[in-house]
Amino acid sequence: MAKVLMKGNEAIAEAAIASGCLYYFGYPITPQTEISEYMAKRMPKVGGLCLQAESEIAAINMVLGASASGTRAMTSSSSPGISLKSEGISYLVGSDLPAVVVNVQRGGPGLGGIQPSQADYYQATKAYGHGDMHLIVLAPSTVQEMASLTGEAFDLADIYRTPVIILADGAIGQMMEPVDFSERRRREIPPKTWATCGHGGGRKHNIVNSLLMNPEDLENSIRDRFERYRKIEAEEVRYEEYMTEDADIVVVAFGIAARVCKSAVAAVRAEGIKAGLLRPITLWPFPSARILELADTAKAFLSVELSMGQMVSDVKLACECRRPVEFYGRTGGVIPAPGDVARKLAEMAREQM
Amino acid sequence: MGEKRITVVAGHYGAGKTNVAVSLALERAARGSVLVDLDTVNPYFRAADSAAELRAAGVRAIIPEFANTNVDIPTLPPEIASVFASGESVVFDVGGDDGAAALGVYRGDIESVGYEMLYVVNKYRPLISDPGDAVALMREIESYSRLRFTGIVNNSNLGAETTRFDVEASLPYAAEVSRLSGLPVVFTSVIGADRAPRSAGSVLVMAGHTKKLF
């Protein structure tokens, strides 16, 4: 398929369909509504189902049901709507069910605003639901990645039997860039022997459930899940680097902030400041090992986020206090300009001299 | 271009209507023009982003009060009513797809003043990349707005990656949309003269008016 011009939200929807997602359950909220709109138009044409649920809570539980039957299912929302889904996300984890949940972040807390934000980082990486749990969290920074990471998310979800979060932001969701849908490598998916999909009396029936009667059984199921988490941490960390080899200051940023920072790094390089950019693509698992390696050569780190500073604490943990870690960000729907980040980098460079 | 006093720019969302509408309003600034941002759908990228540039060029820009704020409620400024009584050249930038319903409010006034209504198409937008689908959406927008299109604008592009060849490859597509709809291709629009196709009839060379974030 030749390149097409799409909004980030549309790219997610089309990539989901291309990945064999046949069930989409949603509820409208700015700035992600194009996902629902696109699904409503396209799903009937591919024999799938797009259903506007009565609420976000209903939608996530419909995903649970569809996933339990062994099909690929997805829901999407924006920050306040995602909070409503958090109980269902925890039930998906407890039931070891794959699913893809998209958060096109907007400003919070509360109803907040409709402009772009990254202030749900803590929620996504630490506490998308109650209980001992992790989720794979992917952070696209281009419209092309909105497509490719959505495909990747469905594969990861099936391989590890876990919900996968696409943590996007309103800017990437709304902006338009060319996308190529022919690029993605597909991974081998294990058969879903656990699915409750009917068997005509041919096998023992499967049960999908997150309630375990004995504490020891629950503990064992959680330990098994954490074995999988260790495997994910060992094998699925992804990041991109830009001019980090000789960088004195390493900027860490994801999503739309990384696009801004890339321009800022290029600008200060022209002034002789050795800056580089590490862009985490997986926010969980976080590229901690690579950050620790970079602490050997870098003199300082700068975390840039569309929030008051959340990922910055993971950068501090990752470099084990060996280097100073500073923060720069705007919040409430404001996007910093490349010049703002460049000024912060120039200030840090002066302090190092 | 633009014999009628009112030009309505409508079409599929993401086809590039706003860039075309802002460019037409700027082109007509010397004659006294008004740009009406009638987009009640799009939260971020919209004509309101160009308000300062339009006003600096002498274009009267009528922008919804809450555009680019956190108020997620569509509003139509009362000032819009003034354009039907003034003698200015008016460009309406309409929201995509069913966003054209907002246009229906002004249907009577638009018809009595006289209008052209341009259907902006982009071959590289997946939901209208088939000419038949593009014309089906055109008819839907006519039923939302209760106005009839009078011409096609071929704004086919791949954003920043667009080449002249991409535009040239879209000409048969635009011709097919024209044949199926029975409406003429009024012009082909491109951002930057280097992308202007050879032998495409009338071409509007535009500046890029999309807000740059990085």
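Protein chains in written order, with numbering that gives the first Met the number 0: chain H, 0 to 352; chain F, 0 to 213. For each residue, glycine too, the CB sits at the ideal point set by N, CA and C.
#### Entry: Every unbroken alpha helix (DSSP H) within the segment 186–211 of chain F, with a cutoff of 4 residues, ordered by chain
none
### Query
Going by alpha carbons, who is nearest to residue 74 (chain F) out of F:15, F:42, F:136 and F:33?
Here residue 74 (chain F) refers to the residue found at position 75 when the second sequence is read from its first residue. Cα-wise, what sits closest to residue 74 (chain F) is F:42.
### Query
Quick one: does residue 205 (chain F) have its CB under 8 Å from some CB of chain H?
Your numbering for residue 205 (chain F) matches position 206 in the second sequence. For residue 205 (chain F), the answer is no, since every Cβ of chain H falls outside 8 Å of its Cβ.
### Task
Could you work out which residue in H:125, H:5, H:328 and H:298 is closest to residue 142 (chain H) when comparing CA atoms only?
Start at 1 with the first residue of the first sequence, and residue 142 (chain H) comes out as number 143. Looking at the Cα atoms, H:5 is the closest of the given residues.
### Task
Give the DSSP bridge partners of residue 182 (chain F), in chain order.
Here residue 182 (chain F) corresponds to residue number 183 of the second sequence, with the count starting at 1. Answer is none; residue 182 (chain F) lacks a bridge partner.
### Query
Taking Cβ-Cβ distances below 8 Å as the criterion, which residues of the segment 147–169 of chain F are in contact with chain H?
156, 157, 158, 159 and 160
### Query
Which ranges does the beta strand (DSSP E) cover as unbroken runs of at least 3 residues, wholly within the segment 110–173 of chain H, from first to last along the chain?
135–137 and 162–168
### Task
Output, in chain order, the set of chain F residues within a Cβ distance shorter than 8 Å of residue 5 (chain H).
The sequence position of residue 5 (chain H) within the first sequence is 6, counting from 1. Result: 13, 124 and 125.
### Task
Tell me whether the beta-carbon of residue 20 (chain H) lies closer than 8 Å to the beta-carbon of residue 153 (chain H).
The residue labelled residue 20 (chain H) in the question sits at position 21 within the first sequence. The residue labelled residue 153 (chain H) in the question sits at position 154 within the first sequence. A contact, by the Cβ cut-off of 8 Å.
### Message
8 Å is my cut-off, CB to CB: does residue 337 (chain H) come that close to chain F?
### Response
Residue numbering aside, residue 337 (chain H) sits at position 338 when the first sequence is read from its first letter. Yes - at least one Cβ of chain F is within 8 Å of the one on residue 337 (chain H).
### Query
Checking contacts by CB at 8 Å: is residue 38 (chain H) closer than that to chain F?
Position 39 of the first sequence holds residue 38 (chain H). For residue 38 (chain H), the answer is no, since every Cβ of chain F falls outside 8 Å of its Cβ.
### Task
Return the CA-CA distance between residue 121 (chain F) and residue 81 (chain H), expressed in angstroms with no decimal places.
In the second sequence, residue 121 (chain F) corresponds to position 122, counting from 1. In the first sequence, residue 81 (chain H) corresponds to position 82, counting from 1. Roughly 33 Å between the two C-alpha positions.
### Task
On the DSSP bridge assignment, give the partners of residue 6 (chain H) in chain order.
For the purposes of this step, residue 6 (chain H) is identified with residue 7 of the first sequence, where counting begins at 1. In the DSSP output, where bridge partners are listed per residue, residue 6 (chain H) has H:175.
### Message
So if DSSP puts residue 239 (chain H) in a beta bridge, which residue, or which two residues, is it bridged to?
### Response
Translated into the one-based positions of the first sequence, residue 239 (chain H) becomes position 240. Looking at the DSSP assignment, residue 239 (chain H) forms a beta bridge with H:278.
### Task
Look at the alpha carbon of residue 197 (chain F) and the alpha carbon of residue 168 (chain F), and state the distance between them as a whole number of angstroms.
If you number the second sequence from 1, residue 197 (chain F) lands on position 198. If you number the second sequence from 1, residue 168 (chain F) lands on position 169. Going by the C-alpha atoms only, they are around 11 Å apart.
### Task
Anything in chain H within Cβ reach of residue 22 (chain F), meaning under 9 Å, just list it in chain order.
As a position in the second sequence, residue 22 (chain F) is number 23, starting the count at 1. What residue 22 (chain F) touches in chain H: nothing, since even the nearest Cβ is about 17 Å away.
#### Entry: Option nearest residue 128 (chain F) by Cα separation, candidates F:3, F:63 and F:171
On the second sequence, position 129 is the one that residue 128 (chain F) refers to. The option with the nearest alpha carbon to residue 128 (chain F) is F:171.
### Query
Are residue 248 (chain H) and residue 348 (chain H) touching if we call contact CB-CB under 8 Å?
Here residue 248 (chain H) corresponds to residue number 249 of the first sequence, with the count starting at 1. Here residue 348 (chain H) corresponds to residue number 349 of the first sequence, with the count starting at 1. Taking 8 Å as the Cβ cut-off, residue 248 (chain H) and residue 348 (chain H) qualify as a contacting pair.
### Task
Determine the DSSP secondary structure at residue 175 (chain F), reduced to helix, strand or coil.
For the purposes of this step, residue 175 (chain F) is taken as residue 176 along the second sequence, with counting starting at 1. DSSP places residue 175 (chain F) in helix when its eight states are reduced to three.
### Query
Using Cβ-Cβ distances below 9 Å, what residues of the segment 258–292 of chain H are close to chain F?
258, 259, 260, 261, 262 and 263
### Query
Using the C-alpha atoms, what's the distance from residue 211 (chain H) back to residue 124 (chain H)?
Position 125 of the first sequence, counted from the first residue, corresponds to residue 124 (chain H). Position 212 of the first sequence, counted from the first residue, corresponds to residue 211 (chain H). Taking the straight line from one Cα to the other gives about 25 Å.
#### Entry: Contained beta strand (DSSP E) runs [length at least 3] in the segment 8–86 of chain H, N- to C-terminal order
20–25, 48–51 and 71–76
### Task
Report, in whole angstroms, the separation of the C-beta atoms of residue 275 (chain H) and residue 264 (chain H), which I expect to be a contact under 8 Å.
Residue 275 (chain H) sits at position 276 when you count from the first residue of the first sequence. Residue 264 (chain H) sits at position 265 when you count from the first residue of the first sequence. Confirmed, about 6 Å.
### Task
State buried or exposed for residue 72 (chain F), treating a residue as buried only when at least 16 other CB atoms are found within 10 Å of its CB.
Taking the second sequence and counting its residues from 1, one reaches residue 72 (chain F) at position 73. Looking at its Cβ environment, which holds fewer than 16 other Cβ atoms inside 10 Å, residue 72 (chain F) is exposed.
### Chain-ordered neighbours of residue 29 (chain H) on chain F, where CB pairs are closer than 8 Å
Counting from one through the first sequence, the residue named residue 29 (chain H) turns up at place 30. Result: 42 and 71.
### Query
What are the start and end residues of each continuous beta strand (DSSP E) run of 3 or more residues lying completely inside the segment 101–174 of chain F, in chain order?
114–120 and 150–153
#### Entry: Same chain only: Cβ atoms within 7 Å of residue 45 (chain F), ignoring 5 sequence neighbours per side
Taking the second sequence and counting its residues from 1, the one referred to as residue 45 (chain F) is at position 46. Cβ within range, chain order: 17, 36, 38 and 66.
### Task
Would you give the residue range spanned by the beta strand (DSSP E) that residue 102 (chain H) belongs to?
What you label residue 102 (chain H) is simply residue 103 of the first sequence in a count that begins at 1. From DSSP, the beta strand (DSSP E) with residue 102 (chain H) extends over 98–104.
#### Entry: Best match in H:87, H:100, H:109 and H:67 for proximity to residue 35 (chain H) [C-alpha to C-alpha]
Along the first sequence, one-based indexing puts residue 35 (chain H) at 36. Nearest option by C-alpha distance: H:100.
### Task
Whole angstroms is fine: what's the gap from residue 1 (chain F)'s alpha carbon to residue 115 (chain F)'s?
Here residue 1 (chain F) is taken as the residue at index 2 of the second sequence, counted from 1. Here residue 115 (chain F) is taken as the residue at index 116 of the second sequence, counted from 1. Model confidence at residue 1 (chain F) stands at a pLDDT of 44, short of 50, so the residue's coordinates are unreliable; what they give is reported in the following sentence. Cα-Cα distance, rounded: 7 Å.
### Message
Run through chain F and tell me which residues come within less than 9 Å of residue 176 (chain H), C-beta to C-beta.
### Response
What you label residue 176 (chain H) is simply residue 177 of the first sequence in a count that begins at 1. Ordered by position in chain F, the residues that pass the 9 Å Cβ test against residue 176 (chain H) are 157, 158, 159 and 160.
### Message
Considering Cα atoms alone, identify which of H:71, H:214, H:89 and H:270 is closest to residue 338 (chain H).
### Response
Residue 338 (chain H) sits at position 339 when you count from the first residue of the first sequence. Comparing Cα positions, the closest option is H:270.
### Query
Are the CB atoms of residue 46 (chain H) and residue 332 (chain H) nearer to each other than 8 Å?
Translated into the one-based positions of the first sequence, residue 46 (chain H) becomes position 47. Translated into the one-based positions of the first sequence, residue 332 (chain H) becomes position 333. Taking 8 Å as the Cβ cut-off, residue 46 (chain H) and residue 332 (chain H) do not qualify as a contacting pair.
### Sub-8 Å separation of residue 152 (chain F) and residue 185 (chain F) beta-carbons
Here residue 152 (chain F) corresponds to residue number 153 of the second sequence, with the count starting at 1. Here residue 185 (chain F) corresponds to residue number 186 of the second sequence, with the count starting at 1. Against a cut-off of 8 Å, the Cβ pair of residue 185 (chain F) and residue 152 (chain F) comes out as a contact.
### Query
For residue 112 (chain F), which residues from the same chain have a beta carbon less than 7 Å from its beta carbon, with the 5 sequence-adjacent residues on both sides left out?
Here residue 112 (chain F) corresponds to residue number 113 of the second sequence, with the count starting at 1. The residues are 4, 5 and 83.
### Query
Around the Cβ of residue 110 (chain H), are there at least 16 other Cβ atoms within 10 angstroms (buried) or fewer (exposed)?
Against the first sequence, residue 110 (chain H) aligns to sequence position 111. Exposed, by the Cβ-count rule.
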